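For the sequence shown, the numbering used here assigns the number 215 to the initial residue and increments by one for each residue that follows.
The beta carbon of each residue, even a glycine, is placed where N, CA and C say it ideally should be.
This structure is a prediction, so every number in the text was calculated from the model and none was measured.
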Amino acid sequence: MGYDAIGESSSVKRIHDLVKRINSQTRTKSSLYEQAATYFAQLEHTDSTLETLKQNVADAQVQADSSQDKKRTQQLNKILELAKIKLSDFEAKLQAERLMRKEQVTDVCLTILEYCQGKNKADRQRKLAKILGTLVLAGPDTPKLARTYNQRAQHLYHALLSHQLLNQLIEDNLMNNQYIKQHADTPELFQDQVIIPLLTAALMQHVGNYHPDAQRILHGDDNEQDPFRVLEQQERLDLLKCNYQQTINYLNHGLGVANYTGLSREEEQQFNQVEHDKLAFINTLIKKALSPKQGLGNLLKVPQIYTSVVLSTKLNFNYEFLPRAFVLLNKSAEGGGLSKAVINCFLKIMGNFPQGFGVTYIPKGNDGEDLQTYEYAIVNGLYPTHPEYPRCRIVSRKLVFFTSGSNLTIERVNNLYYPPTKRKLETISKERLEAILSQLRGSSKFDSAEQDRIPSYWKPHDFFIYTRNQNLWNII
215 MGYDAIGESS SVKRIHDLVK RINSQTRTKS SLYEQAATYF AQLEHTDSTL ETLKQNVADA
275 QVQADSSQDK KRTQQLNKIL ELAKIKLSDF EAKLQAERLM RKEQVTDVCL TILEYCQGKN
335 KADRQRKLAK ILGTLVLAGP DTPKLARTYN QRAQHLYHAL LSHQLLNQLI EDNLMNNQYI
395 KQHADTPELF QDQVIIPLLT AALMQHVGNY HPDAQRILHG DDNEQDPFRV LEQQERLDLL
455 KCNYQQTINY LNHGLGVANY TGLSREEEQQ FNQVEHDKLA FINTLIKKAL SPKQGLGNLL
515 KVPQIYTSVV LSTKLNFNYE FLPRAFVLLN KSAEGGGLSK AVINCFLKIM GNFPQGFGVT
575 YIPKGNDGED LQTYEYAIVN GLYPTHPEYP RCRIVSRKLV FFTSGSNLTI ERVNNLYYPP
635 TKRKLETISK ERLEAILSQL RGSSKFDSAE QDRIPSYWKP HDFFIYTRNQ NLWNII
């Protein structure tokens, strides 16, 4: 088969463009995180300038009030008015910049919701799976580049998971927060006053790491340290503190609340109250995520931990450990740090195998019996019937890769990730296993099979780089 076109399909490009809008290096520094970095870098100068302009007004006011000479008073009043104009212009400039940043964050949130819209629940779940899987599959395969990509893609991945987790908690009657419950029955209000604030909190949860003080911890005073290294304990504590403080600062002052543009005083009061309630909700989410225990903070923390495993930035990242993310979550729950009920709800959505994970499995023959061979598949569906039974798209048949495979739920007894299943193939001769591996490699231009003759998994990155292989979520 011909794999001629390496590149991005329109849907992959659209998802990558959204990642870039959130966090990337642009010539115009227009991504959300670049805007935040600029805000932080200019903050000291901004505060100093604002304080100077306010002091100029105060000084001019004192001089004008104390003047006894009419002509001199007129001159001082002109100076006072000029000082007020300069202060007003500067404050207007700051507000315009703040509102622009807030509007762009809201636009990104609305785009996320747009990408997840569907005709029904199944269609929405399929589209969500597509975005999650694409974020995992479409990143660079080179470790250094992958860490940078994963760091930037984590924000979107995290936001998507928090949104879906909230929906499931509500559906399962596990959400007891009064602010959320009071809006849950009105879709338009729910989106504006709950979902967009939640997405904002998830997207911006680590924005404080772009403050200069946090960057010095990450990169070192000489700017030569690897930001992905394992930090010393004190460095880690200092970074966590800085990120939290500066994230709250940015949410409250760098973004703040929207401005009312109408003429009704009553409507303005209602609008301002709603805006401040939304901001208070965002602050609560960020604060509670520090120590979630059984509370609201699980909405951010559970998906955050999962995201950090699946889109890892660690130097010692091991692909094999991806299906074990819930081991880490459950360990935190055992110590009381996370809610076991929320983790179970999240497990219902995700299953053990992340979207985009490469599964190797034993296929069955027409008689329903296991064949003495294995094939490749990619996880492409949420809400598995059992956490250990991933919903997959078959991508090889009779040891040949192809693009028109069907969907298949792979049970534990056929999934080579599990050692008892691997033992089923141990009776096959070494020569036959090597022939299977060689045939799979020879059927494509890519080489993603593991060195193990009976591979527990495979890495589909080199399969997904071809545009014709990128529609793993089409309806069959």
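Endpoints, beta strand (DSSP E) assigned at residue i
{"i": "isoleucine 592", "result": "589-595"}
{"i": "threonine 623", "result": "621-623"}
{"i": "valine 573", "result": "572-575"}
Alpha-carbon to alpha-carbon, residue j and residue i
{"i": "asparagine 497", "j": "asparagine 463", "result": "10 Å"}
{"i": "alanine 663", "j": "threonine 356", "result": "Summary for alanine 663: the model assigns pLDDT 41, below 50, so the residue's position carries little reliability; its value from the coordinates is reported in the next sentence. Answer to the nearest angstrom: the Cα atoms are 16 Å apart."}
{"i": "alanine 219", "j": "isoleucine 679", "result": "8 Å"}
{"i": "aspartate 233", "j": "serine 670", "result": "The identity of residue 233 in the sequence shown is valine, whereas the question assumes aspartate. Going from the Cα of valine 233 to the Cα of serine 670 covers about 31 Å."}
{"i": "glutamate 612", "j": "asparagine 629", "result": "Rather than glutamate, the amino acid found at residue 612 in this sequence is lysine. Cα to Cα, the separation comes out at about 17 Å."}
{"i": "aspartate 661", "j": "lysine 554", "result": "Any reading at aspartate 661 needs caution, since the residue's pLDDT is 43, under 50, leaving its predicted position unreliable; the model's value is listed next. Each residue's Cα considered, the two are about 40 Å apart."}
{"i": "leucine 374", "j": "valine 276", "result": "55 Å"}
{"i": "proline 601", "j": "threonine 263", "result": "57 Å"}
{"i": "glutamate 222", "j": "glycine 570", "result": "16 Å"}
{"i": "asparagine 544", "j": "arginine 241", "result": "43 Å"}
{"i": "lysine 502", "j": "glycine 511", "result": "4 Å"}
{"i": "leucine 552", "j": "leucine 477", "result": "46 Å"}
{"i": "glycine 353", "j": "lysine 638", "result": "34 Å"}
{"i": "serine 618", "j": "tyrosine 590", "result": "13 Å"}
{"i": "glutamate 648", "j": "glycine 509", "result": "52 Å"}
{"i": "phenylalanine 442", "j": "tyrosine 575", "result": "34 Å"}
{"i": "threonine 287", "j": "alanine 251", "result": "44 Å"}
{"i": "proline 598", "j": "histidine 490", "result": "39 Å"}
{"i": "leucine 493", "j": "methionine 389", "result": "20 Å"}
{"i": "lysine 659", "j": "glutamine 365", "result": "Caution is warranted here: a pLDDT of 46 is assigned to lysine 659, below 50, making its placement in the model unreliable, and the coordinate value is therefore given only provisionally. Distance between the alpha carbons of lysine 659 and glutamine 365: 29 Å."}
{"i": "threonine 325", "j": "phenylalanine 404", "result": "16 Å"}
{"i": "threonine 414", "j": "histidine 372", "result": "11 Å"}
{"i": "asparagine 466", "j": "isoleucine 689", "result": "43 Å"}
{"i": "phenylalanine 495", "j": "leucine 327", "result": "19 Å"}
{"i": "aspartate 406", "j": "glutamate 317", "result": "13 Å"}
{"i": "leucine 351", "j": "threonine 587", "result": "25 Å"}
{"i": "lysine 333", "j": "valine 471", "result": "33 Å"}
{"i": "histidine 369", "j": "isoleucine 236", "result": "8 Å"}
{"i": "glutamate 640", "j": "threonine 461", "result": "53 Å"}
{"i": "tryptophan 687", "j": "lysine 341", "result": "8 Å"}
{"i": "glutamate 625", "j": "tyrosine 603", "result": "5 Å"}
{"i": "glycine 347", "j": "proline 568", "result": "8 Å"}
{"i": "phenylalanine 254", "j": "tyrosine 424", "result": "7 Å"}
{"i": "leucine 257", "j": "aspartate 386", "result": "44 Å"}
{"i": "cysteine 323", "j": "isoleucine 410", "result": "6 Å"}
{"i": "cysteine 559", "j": "phenylalanine 540", "result": "12 Å"}
{"i": "serine 610", "j": "arginine 450", "result": "44 Å"}
Nearest-angstrom Cβ-Cβ length linking residue i and residue j, presumed shorter than 8 Å
{"i": "lysine 243", "j": "glutamine 382", "result": "Not a contact, Cβ separation roughly 37 Å."}
{"i": "leucine 504", "j": "valine 523", "result": "At roughly 20 Å, the Cβ-Cβ gap does not stay under 8 Å, so leucine 504 and valine 523 are not in contact."}
{"i": "glycine 595", "j": "asparagine 621", "result": "7 Å"}
{"i": "leucine 313", "j": "asparagine 473", "result": "6 Å"}
{"i": "glutamine 419", "j": "isoleucine 519", "result": "Between isoleucine 519 and glutamine 419 the Cβ distance is about 12 Å, and since that is not below 8 Å, they are no contact."}
{"i": "isoleucine 592", "j": "valine 614", "result": "That pair is no contact at about 16 Å."}
{"i": "valine 319", "j": "lysine 298", "result": "About 31 Å; that fails the 8 Å criterion."}
{"i": "leucine 349", "j": "alanine 367", "result": "5 Å"}
{"i": "serine 542", "j": "serine 376", "result": "The sequence shown places leucine at residue 542, rather than the serine named in the question. In fact, because the Cβ distance is near 17 Å, the residues do not count as touching under 8 Å."}
{"i": "glutamine 459", "j": "glycine 422", "result": "7 Å"}
{"i": "leucine 290", "j": "alanine 278", "result": "4 Å"}
{"i": "lysine 160", "j": "glycine 550", "result": "Any answer about residue 160 is impossible in this case: the structure gives the chain only from 215 up to 690."}
{"i": "valine 516", "j": "leucine 417", "result": "So it is not a contact: roughly 16 Å between Cβ atoms."}
Per DSSP, cross-strand counterpart(s) of residue i
{"i": "serine 610", "result": "Phe615"}
{"i": "tyrosine 680", "result": "Ile220"}
{"i": "aspartate 584", "result": "Lys578"}
{"i": "asparagine 629", "result": "Tyr575"}
{"i": "arginine 605", "result": "Gly595, Thr623"}
Residue span of the alpha helix (DSSP H) that contains residue i, given as start and end
{"i": "lysine 673", "result": "Run containing lysine 673: none; DSSP gives neither H nor E here."}
{"i": "glutamine 282", "result": "Note, glutamine 282: premise wrong, no alpha helix (DSSP H); not H, not E."}
{"i": "glycine 347", "result": "335-351"}
{"i": "glutamine 483", "result": "479-502"}
{"i": "alanine 539", "result": "539-548"}
{"i": "arginine 361", "result": "357-385"}
{"i": "threonine 461", "result": "447-463"}
{"i": "threonine 414", "result": "410-418"}
{"i": "aspartate 427", "result": "426-433"}
{"i": "phenylalanine 404", "result": "401-404"}
{"i": "serine 522", "result": "512-524"}
{"i": "lysine 395", "result": "392-395"}
{"i": "lysine 698", "result": "Because the chain here runs from 215 to 690, residue 698 falls outside it and cannot be looked at."}
Contact test: residue i Cβ vs the ligand SAM heavy atom, cutoff 8 Å
{"i": "asparagine 688", "result": "The ligand content of the structure shown is nil, which means the ligand SAM is not present either."}
Would you call the stretch 258-276 and the stretch 296-306 in contact, with 3 or more CB pairs under 8 Å? Touching, yes, given that three or more Cβ pairs across the two stretches are closer than 8 Å.
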